[in-house]
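*Asks:*
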Amino acid sequence: MKAEERWQARFRASRMTLPSWARQAPNRSIYRSNATGKWEVYAWDRLTGTTRQVTDRPMGTAYAAIDPTGQWIYWFADTGADFGEWRRQPFTGGLDEPVAPDLPPGQPGGIALSTTGVAAISLAAERAFRVHLVREGEPTELLYEHMEAAWVAAMSLDGSLIAINHGEYGDFRHPALRVVRQNGRTVGELHDGVGKGVTGLAFAPVVGDRRLLALHERRQRHEPLVWDPVTGEQREIWLRDSGDLNAEWYDDGRGLLILRDDRGRSYLHRYDLAGGGLTLIDTPHGVIEEAAPRPGGQIEYSWSSASRPPVIRSSTGQVVVNPSGPPAPPSVPVEDVDVEGEGGRIHALVSRPETGAVPYPTVFLLHGGPTSNDRDVFSPEVAAWVDAGFAVVRVNYRGSTGYGSAWRDALHGDVGHIELADVAAVRQWVVDHGIADPARTVLAGSAWGGYLTLLGLGTQPDLWACGIAAVPIACHQTSYEDEAESLRAFHRALLGGSPDEQPERYAASSPITYVDQVKSPLLILAGDNDARCPLRQIEKYVAKLAENGLEHEVYMYDSVRGALVVAERLAQTALQLEFARKHVSPAWRPVG
Numbered sequence: 042m043k044a045e046e047r048w049q050a051r052f053r054a055s056r057m058t059l060p061s062w063a064r065q066a067p068n069r070s071i072y073r074s075n076a077t078g079k080w081e082v083y084a085w086d087r088l089t090g091t092t093r094q095v096t097d098r099p100m101g102t103a104y105a106a107i108d109p110t111g112q113w114i115y116w117f118a119d120t121g122a123d124f125g126e127w128r129r130q131p132f133t134g135g136l137d138e139p140v141a142p143d144l145p146p147g148q149p150g151g152i153a154l155s156t157t158g159v160a161a162i163s164l165a166a167e168r169a170f171r172v173h174l175v176r177e178g179e180p181t182e183l184l185y186e187h188m189e190a191a192w193v194a195a196m197s198l199d200g201s202l203i204a205i206n207h208g209e210y211g212d213f214r215h216p217a218l219r220v221v222r223q224n225g226r227t228v229g230e231l232h233d234g235v236g237k238g239v240t241g242l243a244f245a246p247v248v249g250d251r252r253l254l255a256l257h258e259r260r261q262r263h264e265p266l267v268w269d270p271v272t273g274e275q276r277e278i279w280l281r282d283s284g285d286l287n288a289e290w291y292d293d294g295r296g297l298l299i300l301r302d303d304r305g306r307s308y309l310h311r312y313d314l315a316g317g318g319l320t321l322i323d324t325p326h327g328v329i330e331e332a333a334p335r336p337g338g339q340i341e342y343s344w345s346s347a348s349r350p351p352v353i354r355s356s357t358g359q360v361v362v363n364p365s366g367p368p369a370p371p372s373v374p375v376e377d378v379d380v381e382g383e384g385g386r387i388h389a390l391v392s393r394p395e396t397g398a399v400p401y402p403t404v405f406l407l408h409g410g411p412t413s414n415d416r417d418v419f420s421p422e423v424a425a426w427v428d429a430g431f432a433v434v435r436v437n438y439r440g441s442t443g444y445g446s447a448w449r450d451a452l453h454g455d456v457g458h459i460e461l462a463d464v465a466a467v468r469q470w471v472v473d474h475g476i477a478d479p480a481r482t483v484l485a486g487s488a489w490g491g492y493l494t495l496l497g498l499g500t501q502p503d504l505w506a507c508g509i510a511a512v513p514i515a516c517h518q519t520s521y522e523d524e525a526e527s528l529r530a531f532h533r534a535l536l537g538g539s540p541d542e543q544p545e546r547y548a549a550s551s552p553i554t555y556v557d558q559v560k561s562p563l564l565i566l567a568g569d570n571d572a573r574c575p576l577r578q579i580e581k582y583v584a585k586l587a588e589n590g591l592e593h594e595v596y597m598y599d600s601v602r603g604a605l606v607v608a609e610r611l612a613q614t615a616l617q618l619e620f621a622r623k624h625v626s627p628a629w630r631p632v633g
């Protein structure tokens with residue numbers, strides 16, 4: 042198989058999310074898959090083995106849930122601008138219906154479902170965050186409202202308790218956790234203070250059990266906490282091993298499945314709440330995107346590595362379900378690199394072409410977020426660059442998750458420049474070690490990574506042969522004026538206030554401030570109706586590029602939901618590879 046056919050086959054190969062199931066009907070499951078060429082919701086009856094496609098929307102479907110009784114499948118139907126409404130359909134099929142027809146469209150903030158037909162949904166709109174209570178056949182009730190960011194985290198099975206995360210204390214990035222009753226009265230609240238968020242996960246999966254599973258940051262990383270909001274009793278779960286932790290209830294409420302993310306790999310543990318025992322669950326070396334215990338105690342998880350495509354596995358050693366069609370071709374494994382930077386040791390992942398002479402043309406793919414990370418996970422994008430003859434470097438710069446709270450929260454006062462200092466340190470390391478050709482390094486990324494690309498071309502103009510920025514922030518102030526409410530809250534938390542309150546910080550961290558220093562050719566990809574990357578700020582930046590006579594290209598597509606459509610991802614990847622080929626040395630040659 043030739044290089045172009047190989048990388049395209051990875052995008053076209055069917056993939057699926059970990060199936061989630063109804064608590065009281067565990068043989069009824071849902072999952073999302075790209076089998077039709079876009080990500081849609083599917084119902085799976087495990088007893089009969091039958092599956093059916095639930096949604097069929099032009100730009101795909103990003104959010105879905107099944108109620109605890111297994112009667113209804115819920116999904117968010119957006120309009121392409123990240124606004125829309127929650128809809129539902131019977132598990133066995135039938136007509137769609139709106140969950141709350143009396144509510145105007147909003148930006149989704151989650152949904153929580155009960156066995157009693159009561160639901161809580163969060164929507165953001167009109168400069169406010171709201172949680173609504175929905176009962177069968179009754180008008181929707183407003184349960185919570187505030188100007189700072191908030192979202193529904195969980196609901197007890199009987200619907201009597203609702204957990205809400207909120208940023209009322211002024212820091213959306215480190216939320217507090219409140220539990221309320223259906224009448225809105227507060228039952229309990231956890232607020233650990235500055236820089237220590239508490240995030241709700243799920244109530245115990247047993248009717249009448251009030252315990253809420255959450256994550257806290259009292260020891261400089263995410264760790265599980267079991268909390269009874271009525272009595273106030275708390276139980277912290279501590280692991281000796283390093284890394285950030287996540288958790289999920291076992292079906293009987295007697296144990297926790299702990300997912301540990303450490304240096305780009307994942308590990309599973311069972312924690313026994315009765316005896317306090319901790320057991321490591323054997324899994325392959327790589328990354329577990331999602332994991333959940335099934336009734337009976339076995340674990341199902343979605344696994345992949347940089348070299349091996351995703352599969353849904355069980356702790357029994359079996360493959361749970363295979364997507365339809367041929368599997369994705371494998372790729373190359375990653376190498377771990379540790380580089381000393383001004384803020385501490387930086388962990389990066391390097392993928393090298395299987396053939397070709399060193400030093401390689403090299404692309405730095407910067408992750409989004411910034412509260413995210415790069416891991417040893419299968420990536421069609423990374424594999425496409427490798428097949429094209431590029432080394433790929435991914436940097437878990439300061440601001441990334443998986444390395445503790447201090448590393449994640451290091452972005453303050455000099456946002457953007459901090460991350461790029463780490464990127465530059467890793468670039469110097471791979472150049473010094475003969476991996477990257479300094480004359481052929483490309484800076485690229487999407488979302489926050491796209492923002493860093495624009496900022497890097499302006500503040501580090503001599504380091505990069507060209508840049509590729511997908512859905513970037515080009516001007517923080519203009520973006521703030523036009524973006525969705527949740528992103529405004531994030532901006533305020535990250536930069537210490539609004540643009541009116543912190544004009545110097547917004548300007549110092551904005552790529553448009555440094556656009557006159559850009560030297561390298563630039564490709565920008567943007568959605569034409571995107572509340573997360575508003576178009577007006579992109580147009581202002583592009584106008585400045587044109588004034589300076591700088592070579593640039595702009596690719597427009599139908600909003601950010603194009604990321605859920607395989608054909609769109611193929612088109613964008615091909616465009617990026619061709620752009621890089623034009624602007625690196627003629628010595629560049631594709632592999633295969």
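Counting from 1 along the sequence shown, just add 41 to a position and that's the residue number in the numbering used here. From the three backbone atoms N, C-alpha and C, an ideal C-beta is built for every residue, glycine too.
1) Could you check whether the segment 437-448 touches the segment 511-528, counting it as contact only if at least three pairs of C-beta atoms, one from each stretch, sit closer than 8 Å?
2) Per DSSP, what are the beta-bridge partners of Ala255 in this structure?
3) Assuming Arg53 is part of the alpha helix (DSSP H), what are its boundary residues?
4) Measuring only the C-alpha atoms, how far is Asn68 from Ala153?
5) Rounded to the nearest angstrom, how far is the Cβ of Gly499 from that of Val556, given a contact under 8 Å?
6) Please determine if the segment 527-536 and the segment 582-590 are in contact, where contact requires at least 3 C-beta pairs separated by less than 8 Å.
7) Can you list, in chain order, the residues of its chain with a C-beta nearer than 6 Å to that of Arg481? Leave out the 5 residues immediately preceding and following it.
8) Would you mind working out which of Arg295, Gly508, Ile278 and Trp192 sits nearest Phe639, comparing C-alpha positions?
9) Taking DSSP's pairing of strands, which residues face Asp377 in a bridge?
10) According to DSSP, Asp302 sits in a beta bridge with which residue or residues?
11) In three-state DSSP terms, what is Arg602?
12) Can you list, in chain order, the residues of its chain with a C-beta nearer than 7 Å to that of Leu504? Leave out the 5 residues immediately preceding and following it.
13) Rounded to a whole number of angstroms, what is the C-alpha to C-alpha distance between Ser70 and Ile107?
14) Can you grab the Cα-Cα spacing for the pair Val601 / Asp119, in whole Å?
15) Whole angstroms is fine: what's the gap from Trp448's alpha carbon to Asp455's?
16) Ala8 and Phe244: beta carbons closer than 8 Å?
17) Is the distance from the Cβ of Val239 to the Cβ of Leu198 below 8 Å?
18) Pick out whichever of Leu493, Arg98, Ser155 and Leu136 has its Cα sitting closest to the Cα of Pro109.
19) Secondary structure at Arg623, three-state DSSP: helix, strand or coil?
20) Classify Trp629 as helix, strand or coil using the three-state DSSP reduction.
21) Which residue comes first and which comes last in the beta strand (DSSP E) that contains Asp478?
22) Tell me whether the beta-carbon of Val361 lies closer than 8 Å to the beta-carbon of Glu331.
23) Could you tell me which of Ala84, Ala165 and Arg171 sits nearest to Gly134, measuring between CA atoms?
24) Can you tell me the Cα-Cα spacing of Lys43 and Gln49, whole angstroms?
25) Taking all protein chains shown into account, decide if Lys79 is buried (16 or more other Cβ within 10 angstroms of its Cβ) or exposed.
26) Could you tell me if Ala628 is buried or exposed, where buried requires 16 or more neighbouring beta carbons within 10 angstroms of its beta carbon?
27) Report the option in Glu545, Arg577, Gln518 and Gly486 whose CA atom is closest to the CA atom of Gln613.
28) Which of the three DSSP states, helix, strand or coil, is assigned to Leu536?
29) Classify Gln578 as helix, strand or coil using the three-state DSSP reduction.
30) First and last residue of the alpha helix (DSSP H) that includes Ala447?
31) Whole angstroms is fine: what's the gap from Ala525's alpha carbon to Ala166's?
32) Just to check my reading of the structure: Gly327 and Ser346 have Cβ atoms closer than 8 Å, yes? What is that Cβ distance to the nearest angstrom?
33) Does DSSP put Arg73 in a helix, a strand or coil?
34) Note down the Cα distance separating Arg276 from Ala451, rounded to an integer number of angstroms.
35) Report the option in Arg386, Val172, Ile553 and Leu202 whose CA atom is closest to the CA atom of Glu189.
36) In or out: Tyr185 buried (at least 16 other Cβ within 10 Å) or exposed?
*Replies:* Here's the rundown:
1) no
2) On the sequence shown, residue 255 is found 214 positions in, with the first residue counted as 1. The partner list for Ala255 (beta bridge, DSSP) reads Gly241 and Leu266.
3) One-based indexing of the sequence shown puts residue 53 at position 12. Note, Arg53: alpha helix (DSSP H), Ala44 to Arg53.
4) The count along the sequence shown starts at 1 and reaches residue 68 at position 27. The count along the sequence shown starts at 1 and reaches residue 153 at position 112. Each residue's Cα considered, the two are about 20 Å apart.
5) Residue 499 sits at position 458 when you count from the first residue of the sequence shown. Residue 556 sits at position 515 when you count from the first residue of the sequence shown. About 6 Å separates the two Cβ atoms, so the contact holds.
6) no
7) The residue labelled residue 481 in the question sits at position 440 within the sequence shown. Hits under 6 Å: Pro402, Ala506, Val625 and Ser626.
8) Residue 639 falls outside the range modelled here, since the chain spans only 42 to 633, and no answer is possible.
9) Counted from its first residue, the sequence shown places residue 377 at position 336. BP columns for Asp377 point to Leu390.
10) Looking up residue 302 in the sequence shown gives position 261. DSSP, once it has assigned bridges, lists Asp285 and Ser307 as partnering Asp302.
11) As a working mapping, residue 602 is identified with position 561 in the sequence shown. Only weak support exists for where Arg602 lies, its pLDDT of 49 falling under 50; the value from the coordinates is given anyway. Arg602 falls in the helix class under three-state DSSP.
12) For the purposes of this step, residue 504 is taken as residue 463 along the sequence shown, with counting starting at 1. Closer than 7 Å at Cβ, skipping near neighbours: Ala465, Arg468 and Thr482.
13) Indexing the sequence shown from 1 puts residue 70 at position 29. Indexing the sequence shown from 1 puts residue 107 at position 66. Roughly 8 Å separates the two Cα atoms.
14) In the sequence shown, the residue the question calls residue 601 occupies position 560. In the sequence shown, the residue the question calls residue 119 occupies position 78. A caution first: Val601 carries a pLDDT of 48, below 50, which makes its placement in the model unreliable, though a value can still be read off. Taking the straight line joining both Cα atoms gives about 11 Å.
15) Along the sequence shown, read from residue 1 onward, the residue named residue 448 stands at position 407. Along the sequence shown, read from residue 1 onward, the residue named residue 455 stands at position 414. So the alpha carbons of these two residues sit roughly 14 Å apart.
16) As shown, the chain starts at 42 and ends at 633. That puts residue 8 outside it, with no answer to give.
17) Your numbering for residue 239 matches position 198 in the sequence shown. Your numbering for residue 198 matches position 157 in the sequence shown. It is not a contact, given that the beta carbons lie outside the stated cut-off.
18) Translated into positions along the sequence shown, residue 109 becomes position 68. If we check each option's Cα against that of Pro109, Ser155 comes out closest.
19) For the purposes of this step, residue 623 is taken as the residue at position 582 of the sequence shown. In the sequence under discussion, the amino acid at residue 623 is Lys, which differs from the Arg named in the question. Lys623: helix per DSSP, three-state reduction.
20) Stepping through the sequence shown from its first residue, residue 629 is reached at position 588. With a pLDDT of only 41 at Trp629, under the threshold of 50, the placement of this residue in the model should not be trusted; the figure read from the coordinates follows. If DSSP states are grouped into helix, strand and coil, Trp629 belongs with coil.
21) For this step, residue 478 is matched to residue 437 along the sequence shown. Element bounds for Asp478: Ala477 to Ser487.
22) Here residue 361 corresponds to residue number 320 of the sequence shown, with the count starting at 1. Here residue 331 corresponds to residue number 290 of the sequence shown, with the count starting at 1. Contact flag unset, no.
23) What you label residue 134 is simply residue 93 of the sequence shown in a count that begins at 1. Looking at the Cα atoms, Ala84 is the closest of the given residues.
24) For this step, residue 43 is matched to residue 2 along the sequence shown. For this step, residue 49 is matched to residue 8 along the sequence shown. C-alpha separation (whole angstroms): 10 Å.
25) Within the sequence shown, the letter at position 38 stands for residue 79. When all chains shown are included, Lys79 counts as buried.
26) Counting from 1 along the sequence shown, the entry for residue 628 is found at position 587. Note that Ala628 scores a pLDDT of 47, beneath 50, so its modelled location is shaky; the value from the coordinates is reported in the next line. So Ala628 counts as exposed.
27) As a first step, residue 613 is located in the sequence shown; it is residue number 572 there, counting from the start. The shortest C-alpha separation from Gln613 is found at Gly486.
28) Along the sequence shown, one-based indexing puts residue 536 at 495. Helix at Leu536.
29) Walking along the sequence shown from the start, residue 578 turns up at place 537. Of the three classes helix, strand and coil, the one that applies to Gln578 here is helix, per DSSP.
30) Mapped onto the sequence shown, residue 447 falls at position 406. Residues Ser446 to Arg449.
31) Looking up residue 525 in the sequence shown gives position 484. Looking up residue 166 in the sequence shown gives position 125. Between Ala525 and Ala166, the C-alpha separation is close to 8 Å.
32) Translated into the one-based positions of the sequence shown, residue 327 becomes position 286. Translated into the one-based positions of the sequence shown, residue 346 becomes position 305. Indeed, because the Cβ distance is near 3 Å, the residues count as touching under 8 Å.
33) To locate residue 73, count along the sequence shown from 1; it is residue 32. Strand, per DSSP.
34) As a position in the sequence shown, residue 276 is number 235, starting the count at 1. As a position in the sequence shown, residue 451 is number 410, starting the count at 1. One C-alpha to the other measures close to 28 Å.
35) Stepping through the sequence shown from its first residue, residue 189 is reached at position 148. The shortest C-alpha separation from Glu189 is found at Val172.
36) For the purposes of this step, residue 185 is identified with residue 144 of the sequence shown, where counting begins at 1. By the 10 Å Cβ count, Tyr185 comes out buried.
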